[in-house]
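Those letters in the sequence shown? Residues 2 to 248, by this note's numbering. Ideal placement from N, C-alpha and C gives every residue a C-beta, glycine not left out. Just so we're clear, the structure is a prediction, and the values are computed from it rather than from any experiment.
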Amino acid sequence: MKSEAAENAGLNPSKLPSHVAVIMDGNGRWAKKRVLNRVKGHERGADTVRMVVRASREIGIRYLTLYAFSTENWQRPETEISALMTLLKRFLTSETRELAENNIRLNIIGEIERLPEDVQQVLEQTAEATRENDGMCLTLALSYGGRAEIAMAARAMAEAVKDGRIAPEDVGQENFAKYMYTSGMPDPELLIRTSGEFRVSNFLLWQIAYAEIFVTPTLWPDFTREEYYNILKNFQERERRFGRVPS
Ligand code: IPE
Ligand code: IPE
Ligand code: MG
């Protein structure tokens with residue numbers, strides 16, 4: 002079924018990235034172009050989230066990670082932050098059923114404890130309700146920062162060494178990855194950023210070491226399924242060398 006959907010989209014099902022990460026950017030500019038409040042852009046952005054989740058699930062992407070709110074985004078005006086939190090709650094409540102029906106597990110990464118209590122509650126409920134699902138893992142990065150994550154993992158490892166649970170010589174790349182939020186997940190093979198900015202904005206710094214990067218000028222609310230599949234096609238045409246000579 003899934004490989005058929007991938008083929009229908011012009012994709013090779015055996016060469017799909019197992020993990021796609023997306024920096025969803027450009028909601029504010031989308032609204033500004035239309036002389037609308039930035040919040041309207043975020044609302045339309047939520048529709049694109051629905052589309053990307055569905056489109057990924059249909060063709061058989063195993064892990065989809067979306068950057069929804071960064072540690073730096075706390076510096077935005079209070080009104081925008083609270084609108085984003087309300088939107089997030091509404092999104093989770095309305096999507097729980099669809100996630101369940103499509104066998105999608107919700108996973109959250111980031112400093113969740115900084116989010117408002119009510120948002121934390123809905124997140125926990127949705128994660129709990131979808132815990133057993135193994136069709137696709139949808140990860141939302143919320144109050145997330147790559148450097149904060151690396152520091153958190155280093156701290157946890159230092160504690161483990163101090164308590165004698167691990168030895169200093171156990172601190173290596175593989176073990177380190179186990180202390181990250183993304184423990185157990187494959188690294189993203191494809192990183193997409195919308196709105197034309199050529200930067201990673203503190204997203205998954207450790208995990209994107211060898212990700213293929215695709216930047217599109219399209220603003221997030223305008224991002225379509227067709228464009229998404231075209232990016233995946235482009236990914237499949239790239240030669241990933243990992244430092245070796247071409248085969
Ligand atoms: C991305 O859109 C959504 C979040 C960061 C929450 P922006 O709000 O950054 O939109 P621009 O970059 O101002 O257009
Ligand atoms: C990155 O977008 C963060 C998210 C998409 C959540 P920003 O709009 O916050 O990033 P900068 O300011 O362009 O680096
Ligand atoms: Mg932005």
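- Thinking Ala128 and Phe204 are a contact (beta carbons under 8 angstroms), I'd like their distance in whole angstroms, please. Ala128 to Phe204, Cβ: 21 angstroms. No contact.
- Classify Met137 as helix, strand or coil using the three-state DSSP reduction. In this structure, Met137 counts as strand in the three-state DSSP scheme.
- Task: With distances taken Cα to Cα, identify the nearest neighbour of Gly67 among Ala6, Val172, Leu192 and Ser248.
- Result: It should be pointed out that residue 67 corresponds to Leu in this sequence rather than to Gly. If we check each option's Cα against that of Leu67, Leu192 comes out closest.
- Item | Helix, strand or coil at Glu213 [DSSP, three-state] | Assigned with DSSP and collapsed to three states, Glu213 falls in strand.
- Glu44 to Asp26, Cα distance in whole Å? Spanning the two alpha carbons is a distance of roughly 13 angstroms.
- Query: Alpha carbon to alpha carbon, what distance is there between Val23 and Ala69?
  - Reply: When rounded, the distance between both Cα atoms is 9 angstroms.
- Message: Suppose the cutoff is 7 angstroms on Cβ atoms and the five residues either side in sequence are ignored; what does the same chain contact list for Lys41 look like?
- Response: The beta carbon of Lys41 is closer than 7 angstroms to those of Ala32 in its chain, skipping five residues each way along the sequence.
- Task: Drop a sphere of 10 angstroms on the beta-carbon of Ala7, count the other beta-carbons inside from all chains shown, and report buried for 16 or more, exposed for fewer.
- Result: Counting the other CB atoms within 10 Å of its CB gives Ala7 a total of 16 or more, which places it among the buried residues.
- Message: Quick check on DSSP: helix, strand or coil for Glu108?
- Response: Here residue 108 is Asn; the residue named in the question, Glu, does not match the sequence. Residue state, collapsed to three classes: strand.
- Message: Any heavy atom of ligand 3 closer than 8 angstroms to the beta-carbon of Asp135?
- Response: Not under cutoff, so the answer is no.
- For Ser19, three-class secondary structure by DSSP: Three-state DSSP puts Ser19 in coil, outside helix and strand.
- Message: Going by beta-carbon coordinates alone, are Thr49 and Gly111 separated by less than 9 angstroms?
- Response: Cβ atoms of Thr49 and Gly111: not closer than 9 angstroms.
- From the DSSP output, in three-state form, read off Phe236 for me. Phe236 falls in the helix class under three-state DSSP.
- Between Asn235, Trp207 and Asp135, which lies nearest to Thr217 when the distance is taken from Cα to Cα? When only C-alpha atoms are compared, the closest one is Asn235.
- Which word fits Thr80, buried or exposed, when buried means at least 16 other C-beta atoms lie within 10 angstroms of its C-beta? Under this definition Thr80 is an exposed residue.
- Task: Say yes only if the C-beta of Met25 is nearer than 8 angstroms to one or more non-hydrogen atoms of ligand 2, and no if none qualify.
- Result: It does: the Cβ of Met25 is within 8 angstroms (strictly closer) of some heavy atom of ligand 2.
- Task: Consider the C-beta atom of Asn203 and the heavy atoms of ligand 3; say whether any pair is separated by less than 8 angstroms.
- Result: False, no ligand heavy atom lies under 8 angstroms from that Cβ.
- Between the stretch 180-187 and the stretch 147-161, are three or more C-beta pairs nearer than 8 angstroms? Enough Cβ pairs lie closer than 8 angstroms, so yes.
- Any heavy atom of ligand 3 within a distance shorter than 8 angstroms of the CB on Gly197? It does not: the Cβ of Gly197 is nowhere closer than 8 angstroms to a heavy atom of ligand 3.
- Whose C-alpha, out of Ser19, Leu12 and Ala10, is nearest the C-alpha of Pro187? Minimum Cα distance to Pro187 is reached at Ser19.
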